[in-house]
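Visitor: Chains as they are written, first to last, in this note's numbering: chain A, 1 to 130; chain B, 1001 to 1130; chain C, 2001 to 2130; chain D, 3001 to 3130. Take a look at this one; I'll ask things after.
Number of protein chains: 4
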Amino acid sequence: MNIDPTMSVPIYKQIADYIRQTVAAGVYRPGEMIPSLRALALQLKVNPNTVQRAYEQLEREGLVRSRKGLGMFVTQQGAKTAQTKSEAAVCSAFARGIRAALAAGIQPPRVLTAFEKAWESVETEVRAQA
Amino acid sequence: MNIDPTMSVPIYKQIADYIRQTVAAGVYRPGEMIPSLRALALQLKVNPNTVQRAYEQLEREGLVRSRKGLGMFVTQQGAKTAQTKSEAAVCSAFARGIRAALAAGIQPPRVLTAFEKAWESVETEVRAQA
Amino acid sequence: MNIDPTMSVPIYKQIADYIRQTVAAGVYRPGEMIPSLRALALQLKVNPNTVQRAYEQLEREGLVRSRKGLGMFVTQQGAKTAQTKSEAAVCSAFARGIRAALAAGIQPPRVLTAFEKAWESVETEVRAQA
Amino acid sequence: MNIDPTMSVPIYKQIADYIRQTVAAGVYRPGEMIPSLRALALQLKVNPNTVQRAYEQLEREGLVRSRKGLGMFVTQQGAKTAQTKSEAAVCSAFARGIRAALAAGIQPPRVLTAFEKAWESVETEVRAQA
DNA sequence: GTGGTCTAGACCACA
DNA sequence: GTGGTCTAGACCACG
C-alpha cells in the first residue's frame, strides 16, 4: 500500500480509498476484519487519529462496522457497497474529464484518444511498480 | 457559466478552469482582452479578490498577460497553452478514474462501460441546459 | 529580518526573498520546517494572508512543500533551487544596473567604480547593523 | 527607442528613464528642446497622458523646464542632474544585488563572478540589437 | 496547532 | 476605468 503524505489528496482519504478498493476487489470479505487502527498507523507511519478518521468515514458509508474491543469488520453488504461506491467514483472522474473536454471544445474523437492515452499511461505505471 | 461554491474545488480554480477552457475553445483569441476583474466578479457574484486569484494563476501559466490600467490580454501562445493544459487536465481526470477502477478490481470491459455511462450522463446534462 | 512596507517592492515579495535567501544560506535545510504562517505574521507584524502569499510563491518555485496540519517543509532540491534563484536575482540586478549605465553613456571604468562604491556602502550598512 | 508595454516597469517610467539617460549621455544639451509631448506619444503609440506623466517627473527632478507654447527644454544644470541621477540609479541597482548576494550567503568572489556574468550578458544583448 | 479559502473594504498605481 | 496590494476577520480541512 502506498501513502504519499506530500500529495494534495489528504492522507485520511488515501487510506479510506485504499481500504474501499481493497474490499471491492474482494481482498477482505464480509465478516472479515480489516487491519487494526494502531497496526495500520504504525505500518504507514501516520497519526492514529488520521487512520481513525478514515475508518469513521468507511463506517458512515456502511462498509464496515466496529465491534468494541475486537476491531472493524466488513459488513454483509460491505462488498457490494464498496463496489458501488468505487464504480461511482470512477464514473464521476470520467464525467468530470468529459465535461472539461467538451467545455474546451475538444472534439469527441479526440476525447477518445485522450482516454486511450490515459489508459496506456496507467498501464505503464502499473508495470513500473511490478 | 456555472460557479458552485459548495464544491470542494475552490472557486478561484473553477474560474481559472473556465477561462482556460474558454480560451482553448477560441472564444477569446490572442491579443483580445478577457473580462475585467470587477465585471466578472459582479457577474459571478463573488469577491473581486477571488477572480484576481484566478487571473494570477492564468498569468503564471502564460495564458494571459496583465497590463495595468488596461486589462488582461490573451498572449500569442495563449490559445495553444490553454489547449495543451486543458487536454492534460482531461487526461489526468481519466487516468485517475482508470487507476481507481483497476485498484478496485473492476475488469477492463467494465471500465469501458463506465466510460460510456459517464459520456451519456454528460450528454444528458448538456441537453438539459440547452 | 527587515520588512519595509514603504518600499515599492511588495511586502509578500520581500518575505519570499528573505525566506529564499535564508534557505540558500542553509539556515533551513531540506526536510526542515520553515516558520508557521501565523508565527511569522506575528513577528513581522503583518497580516497572515500576506505571509501566505509569500509561501504560496515559494511552493510554486518548488522550494518548499506544504502539508496541511503540519506546516511548510523545505524540499530535497529546495536548497539548490534557492541558491540558483538567488544567484539569478543577483545577476539580474547587476545586469539592470549595467544596462542603465551604458544607456546613460557612463564609461566602463566608471561603471566599475560605481560597483566598488556600492560594495563599500553595503559593507558600511552591514557593520552598522552589527 | 524601445518601449515595451508588456514589461512590469510602467511605461511612463520607461520613457522618463530613457529621456534622462539620453540627456546624461549628451544627446540633448542644456537649452535644447526634447521631443514634444504629442510627437513622442504618436511615435511610441502610447497615450499622451502617459508621456505627460513622464515629463512631469523629469520637470520635478529639475532636468527640464516647460515653456508654455514652446515645449520642454533641458535646464542649464540638467545634464549634470541627469548624470547624477543616472549614476545613483546604477549604484542602487548594484547595491541591491550585493545585499541580496550577501544575504543568500554567496561568497564575495562569487559575487564578482556574477557581476562579470551580468556584464557579458548585457554586452551580448547590445551586440544583438546592433 | 497547521495551512487554505473567501469576503468586505480600503488604498495605490497606471493609462 | 483597469489591475495590484494589504488588512481584518471569518470559516473550513487536516493531523
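Even for Gly, the Cβ is constructed at its ideal location relative to N, Cα and C.
Taking DSSP's pairing of strands, which residues face Val2009 (chain C) in a bridge?
Guide: As a first step, residue 2009 (chain C) must be located in the third sequence, where it is residue number 9. For Val2009 (chain C), which the question treats as bridged, DSSP gives no partner whatsoever.
Visitor: Nearest to Ser1036 (chain B) by CA position, among B:Gly1026, B:Pro1030, B:Pro1048, B:Val1027, is which residue?
Guide: The count along the second sequence starts at 1 and reaches residue 1036 (chain B) at position 36. Checked all of B:Gly1026, B:Pro1030, B:Pro1048, B:Val1027; the closest Cα to Ser1036 (chain B) is B:Pro1048.
Visitor: Mind pulling the chain B residues with CB within less than 8 Å of Leu102 (chain A)?
Guide: Position 102 of the first sequence holds residue 102 (chain A). Residues of chain B passing the Cβ test: Val1122, Val1126.
Visitor: By how many angstroms is the C-alpha of Ile1098 (chain B) removed from the C-alpha of Ala118 (chain A)?
Guide: If you number the first sequence from 1, residue 118 (chain A) lands on position 118. If you number the second sequence from 1, residue 1098 (chain B) lands on position 98. Distance between the alpha carbons of Ala118 (chain A) and Ile1098 (chain B): 8 Å.
Visitor: Just to confirm my understanding: we take Thr81 (chain A), look at its own chain, exclude 5 residues before and 5 after, and list those with CB closer than 8 Å. What are they?
Guide: In the first sequence, residue 81 (chain A) corresponds to position 81, counting from 1. Correct list, in chain order: Glu61, Gly62, Leu63, Thr75.
Visitor: Measure from the alpha carbon of Ala1025 (chain B) to the alpha carbon of each residue in B:Leu1040, B:Leu1044, B:Ala1079, B:Thr1050, then state which is nearest.
Guide: Here residue 1025 (chain B) refers to the residue found at position 25 of the second sequence. Residue B:Ala1079 is the option with its Cα nearest to Ala1025 (chain B).
Visitor: Who are the Cβ neighbours of Leu3051 (chain D) in its own chain at under 7 Å, not counting the five residues just before and after it?
Guide: Translated into positions along the fourth sequence, residue 3051 (chain D) becomes position 51. What sits at residue 3051 (chain D) in the sequence shown is Val, not Leu. Excluding residues within five positions, the ones whose Cβ falls inside 7 Å are Ile3015, Leu3037, Leu3040, Ala3041.
Visitor: If you measure from the beta carbon of Ile3 (chain A) to each beta carbon in chain B, is any gap under 8 Å?
Guide: Along the first sequence, read from residue 1 onward, the residue named residue 3 (chain A) stands at position 3. So, not an interface residue.
Visitor: Excluding the 5 residues flanking Ala54 (chain A) on each side, which residues of the same chain have their C-beta closer than 6 Å to its C-beta?
Guide: As a first step, residue 54 (chain A) must be located in the first sequence, where it is residue number 54. So the list reads Tyr12, Ile15, Ala16, once near-sequence residues are dropped.
Visitor: Looking at the secondary structure, which residues open and close the beta strand (DSSP E) in which Val3111 (chain D) lies?
Guide: To locate residue 3111 (chain D), count along the fourth sequence from 1; it is residue 111. Not the beta strand (DSSP E): Val3111 (chain D) falls in the alpha helix (DSSP H), residues 3108-3129.
Visitor: In the DSSP assignment, the alpha helix (DSSP H) including Arg53 (chain A) goes from what residue to what residue?
Guide: Numbered from its first residue, the first sequence carries residue 53 (chain A) at position 53. It spans 48-60 - the alpha helix (DSSP H) in which Arg53 (chain A) sits, taken as one unbroken run.
Visitor: Taking beta-carbon pairs under 8 Å, can you tell me which members of the stretch 2059-2070 of chain C lie near chain A?
Guide: Hits within the stretch, in order: Arg2065, Arg2067, Lys2068.
Visitor: Taking just the CA atoms, how far does Ser2121 (chain C) sit from Ala3095 (chain D)?
Guide: Taking the first residue of the fourth sequence as 1, we reach residue 3095 (chain D) at position 95. Taking the first residue of the third sequence as 1, we reach residue 2121 (chain C) at position 121. One C-alpha to the other measures close to 8 Å.
Visitor: Please state whether DSSP places Arg2065 (chain C) in a helix, a strand or coil.
Guide: Numbered from its first residue, the third sequence carries residue 2065 (chain C) at position 65. In this structure, Arg2065 (chain C) counts as strand in the three-state DSSP scheme.
Visitor: According to DSSP, which residues form a beta bridge with Val74 (chain A)?
Guide: Residue numbering aside, residue 74 (chain A) sits at position 74 when the first sequence is read from its first letter. Answer is A:Val64.
Visitor: With a cut-off of 8 Å, does the C-beta of Thr3081 (chain D) fall near any C-beta of chain B?
Guide: Locating residue 3081 (chain D) in the fourth sequence gives position 81, where the first residue counts as 1. Answer no: the Cβ-Cβ gap between Thr3081 (chain D) and chain B never drops below 8 Å.
Visitor: Assign Ala1101 (chain B) to one of two classes, buried (16 or more other C-beta atoms within 10 Å of its C-beta) or exposed (fewer than that).
Guide: For this step, residue 1101 (chain B) is matched to residue 101 along the second sequence. Buried, by the Cβ-count rule.
Visitor: Rounded to a whole number of angstroms, what is the C-alpha to C-alpha distance between Gln3043 (chain D) and Ile3003 (chain D)?
Guide: Here residue 3043 (chain D) refers to the residue found at position 43 of the fourth sequence. Here residue 3003 (chain D) refers to the residue found at position 3 of the fourth sequence. So the alpha carbons of these two residues sit roughly 10 Å apart.
Visitor: Which two residues bound the contiguous alpha helix (DSSP H) that contains Arg38 (chain A)?
Guide: Start at 1 with the first residue of the first sequence, and residue 38 (chain A) comes out as number 38. 37-44 is the span of the alpha helix (DSSP H), which, as asked, contains Arg38 (chain A).
Visitor: Counting only Cβ pairs nearer than 8 Å, list the residues of chain B close to Ser8 (chain A).
Guide: On the first sequence, residue 8 (chain A) is found 8 positions in, with the first residue counted as 1. Within chain B, no residue comes near Ser8 (chain A); the closest Cβ sits about 11 Å away, beyond 8 Å.
Visitor: Quick check: is the beta carbon of Glu2032 (chain C) nearer than 8 Å to any beta carbon in chain D?
Guide: For this step, residue 2032 (chain C) is matched to residue 32 along the third sequence. No, its Cβ sits nowhere closer than 8 Å to a Cβ of chain D.
Visitor: DSSP beta-bridge partners for Met3033 (chain D)?
Guide: Within the fourth sequence, the letter at position 33 stands for residue 3033 (chain D). Met3033 (chain D) pairs with D:Phe3073.
Visitor: With distances taken Cα to Cα, identify the nearest neighbour of Leu58 (chain A) among A:Glu116, A:Ala93, A:Ser86.
Guide: Residue numbering aside, residue 58 (chain A) sits at position 58 when the first sequence is read from its first letter. Ranking A:Glu116, A:Ala93, A:Ser86 by Cα distance to Leu58 (chain A) puts A:Ser86 first.
Visitor: Does DSSP put Val2090 (chain C) in a helix, a strand or coil?
Guide: Taking the third sequence and counting its residues from 1, the one referred to as residue 2090 (chain C) is at position 90. Helix, per DSSP.
Visitor: Leaving out five residues before and five after Leu1070 (chain B) in sequence, what residues of the same chain have Cβ atoms less than 8 Å from its Cβ?
Guide: Locating residue 1070 (chain B) in the second sequence gives position 70, counting from the first residue. Contacts found: Met1033.
Visitor: Whole angstroms are fine: how far does the CA of Pro5 (chain A) sit from the CA of Lys2068 (chain C)?
Guide: Locating residue 2068 (chain C) in the third sequence gives position 68, counting from the first residue. Locating residue 5 (chain A) in the first sequence gives position 5, counting from the first residue. Lys2068 (chain C) and Pro5 (chain A): Cα-Cα distance of roughly 10 Å.
Visitor: How big is the Cα-Cα spacing for Pro2109 (chain C) and Pro2010 (chain C)?
Guide: Locating residue 2109 (chain C) in the third sequence gives position 109, where the first residue counts as 1. Locating residue 2010 (chain C) in the third sequence gives position 10, where the first residue counts as 1. Cα-Cα distance, rounded: 34 Å.
Visitor: Which of the three DSSP states, helix, strand or coil, is assigned to Asp2004 (chain C)?
Guide: In the third sequence, counting from the first residue as 1, residue 2004 (chain C) sits at position 4. Reduced to three states, the DSSP call for Asp2004 (chain C) is coil.
Visitor: Could you check the C-alpha separation between Ala2103 (chain C) and Thr124 (chain A) for me, to the nearest Å?
Guide: Within the third sequence, residue 2103 (chain C) is the residue found at index 103, counting from 1. Within the first sequence, residue 124 (chain A) is the residue found at index 124, counting from 1. Roughly 56 Å separates the two Cα atoms.
Visitor: Quick check on DSSP: helix, strand or coil for Val2023 (chain C)?
Guide: In the third sequence, the residue the question calls residue 2023 (chain C) occupies position 23. Helix.
Visitor: Mind listing the chain D neighbours of Arg2099 (chain C)? Cutoff is C-beta to C-beta under 7 Å, in chain order.
Guide: Your numbering for residue 2099 (chain C) matches position 99 in the third sequence. Per Cβ cutoff of 7 Å: Val3122.
Visitor: How big is the Cα-Cα spacing for Val2023 (chain C) and Gly3031 (chain D)?
Guide: As a working note, residue 2023 (chain C) is residue 23 in the third sequence. As a working note, residue 3031 (chain D) is residue 31 in the fourth sequence. Val2023 (chain C) and Gly3031 (chain D): Cα-Cα distance of roughly 53 Å.
Visitor: Taking C-beta to C-beta, are Cys1091 (chain B) and Ala114 (chain A) nearer than 8 Å?
Guide: Locating residue 1091 (chain B) in the second sequence gives position 91, counting from the first residue. Locating residue 114 (chain A) in the first sequence gives position 114, counting from the first residue. Contact flag set, yes.
Visitor: Taking only beta-carbon positions, decide if Arg3096 (chain D) is within less than 8 Å of chain C.
Guide: Along the fourth sequence, read from residue 1 onward, the residue named residue 3096 (chain D) stands at position 96. So, interface residue.
Visitor: Given that a residue counts as buried once 16 or more other Cβ atoms are within 10 Å of its Cβ, and exposed if not, what is Gln2077 (chain C)?
Guide: Working through the third sequence from its first residue, we reach residue 2077 (chain C) at position 77. Exposed, since its Cβ has fewer than 16 Cβ neighbours within 10 Å.
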